[in-house]
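Below is one structure; the comments refer to it alone.
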Amino acid sequence: MTLKEILSASQLDWEVEKVPLFTQCEEPHFDIHGNFYESGYYGIRRKDNLEVLGVCTKQYQETQNEQIVERAMQIAEAVSGEYEFHKALALNGGKKIFVQFKIPHSIEEYDRYIFVVDSNDGSIGLSYGISNTVLSCANQLYLFASKGKTVKHTKSINIKADEIAEDISTRLIHTDNTISYLKSQLIGDQAVRNIVKNVMKLPAHINTVEYNDNKVVSKKTKNKVDKLLECIAKETTEKGDTMWGLLNGVTYYTNHEFKNMERDPNGIEKLLFSNANKINQIAWNYVTS
Numbered sequence: 047m048t049l050k051e052i053l054s055a056s057q058l059d060w061e062v063e064k065v066p067l068f069t070q071c072e073e074p075h076f077d078i079h080g081n082f083y084e085s086g087y088y089g090i091r092r093k094d095n096l097e098v099l100g101v102c103t104k105q106y107q108e109t110q111n112e113q114i115v116e117r118a119m120q121i122a123e124a125v126s127g128e129y130e131f132h133k134a135l136a137l138n139g140g141k142k143i144f145v146q147f148k149i150p151h152s153i154e155e156y157d158r159y160i161f162v163v164d165s166n167d168g169s170i171g172l173s174y175g176i177s178n179t180v181l182s183c184a185n186q187l188y189l190f191a192s193k194g195k196t197v198k199h200t201k202s203i204n205i206k207a208d209e210i211a212e213d214i215s216t217r218l219i220h221t222d223n224t225i226s227y228l229k230s231q232l233i234g235d236q237a238v239r240n241i242v243k244n245v246m247k248l249p250a251h252i253n254t255v256e257y258n259d260n261k262v263v264s265k266k267t268k269n270k271v272d273k274l275l276e277c278i279a280k281e282t283t284e285k286g287d288t289m290w291g292l293l294n295g296v297t298y299y300t301n302h303e304f305k306n307m308e309r310d311p312n313g314i315e316k317l318l319f320s321n322a323n324k325i326n327q328i329a330w331n332y333v334t335s
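In this note's numbering, the protein residues as written are 47 to 335.
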């Protein structure tokens with residue numbers, strides 16, 4: 047698909063503009079703006095529906111959706127000339143823009159992708175990472191390659207795509223090798239207990255009596271623990287009592303039990319930025335440690 051086709055098909059063919067924000071005067075007096083004067087800050091506003099997505103300073107350089115998608119395509123092309131466009135979305139009304147491409151590989155058990163996410167609200171610069179979708183259960187795991195080193199907004203389209211692609215390619219290979227290793231690592235009950243404690247942030251030392259008497263763990267947390275254990279049991283039954291099965295038990299929980307259909311119907315925002323992402327990262331760190 048061409049750049050224009052992606053923008054149109056994904057309903058991203060709109061632009062943003064930077065507009066001055068006004069504040070009320072301390073003492074009423076009349077000027078060109080009535081009782082208001084410029085605050086020194088600007089709103090980043092969608093041109094199509096006039097919704098303000100964020101607040102910035104005069105120096106901030108807004109980035110258009112077309113630039114975000116074009117940069118994402120540059121990175122995907124540098125990673126693999128055989129990339130396929132998968133999806134592009136406006137998250138939370140367009141405050142962030144997500145673009146994802148499928149990267150071919152020989153493993154049939156899961157699909158792998160690279161993604162780019164950037165903001166229209168000024169919250170982040172261009173960030174990138176890798177993800178995979180396990181075909182048997184549709185579990186998705188997103189890992190940021192650029193965490194802590196996003197690309198700042200500039201007028202230039204040059205983002206050193208080759209360097210970013212090299213980073214992503216290395217991480218794709220590492221992730222494939224890691225998954226292969228996790229499939230061979232058997233687990234026992236202790237591993238399940240450990241990951242549940244880590245994910246649910248339970249006390250390091252907790253006995254059965256205290257747990258059952260609601261002395262240190264609320265009933266709400268217990269219900270979450272029970273649901274997580276159900277997900278782990280399901281995935282380890284299907285994929286084996288391995289670290290891979292354990293990881294998928296957690297990602298099944300975050301993918302299928304965390305829901306906000308009104309704001310996040312595609313489930314992408316939760317897996318990138320919410321507590322679901324944190325839980326997946328905890329699980330990934332545990333099984334790979």
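No residue lacks a Cβ here, since even glycine has one placed at the ideal position from N, Cα and C.
Just so we're clear, the structure is a prediction, and the values are computed from it rather than from any experiment.
Secondary structure of isoleucine 241 (DSSP, three-state): helix. Distances from the alpha-carbon of histidine 302 to those of Leu317, Lys243, Met289, Leu292 put Leu317 closest.
Here the alpha carbon of isoleucine 176 sits roughly 8 angstroms from the alpha carbon of arginine 217. Runs of the alpha helix (DSSP H) lying entirely within the segment 146-177 and spanning at least 4 residues: none are present.
Listed in chain order, the non-local C-beta contacts of valine 242 below 8 angstroms within the same chain comprise Leu248, Val271, Leu274, Leu275, Ile278, local neighbours out to five positions each way being set aside. Counting other Cβ atoms within 10 Å of its Cβ, glutamine 107 stays below 16 and is therefore classed as exposed. Proximity to leucine 53 across Lys133, Ile205, Gly171 peaks at Lys133, based on C-alpha coordinates.
Isoleucine 225 and glutamate 112 have their alpha carbons spaced roughly 35 angstroms apart.
Membership of threonine 221 in the alpha helix (DSSP H) is indicated by the continuous run 207-228. Each residue's CA atom was taken as its position, placing arginine 239 and tryptophan 330 some 15 angstroms apart. Note: valine 65 is bridge-paired with Gly89 in the DSSP secondary-structure output. Bridge pairing for glutamate 130: Lys148 [DSSP].
Under the three-state reduction of DSSP, threonine 109 is assigned to coil, being neither helix nor strand.
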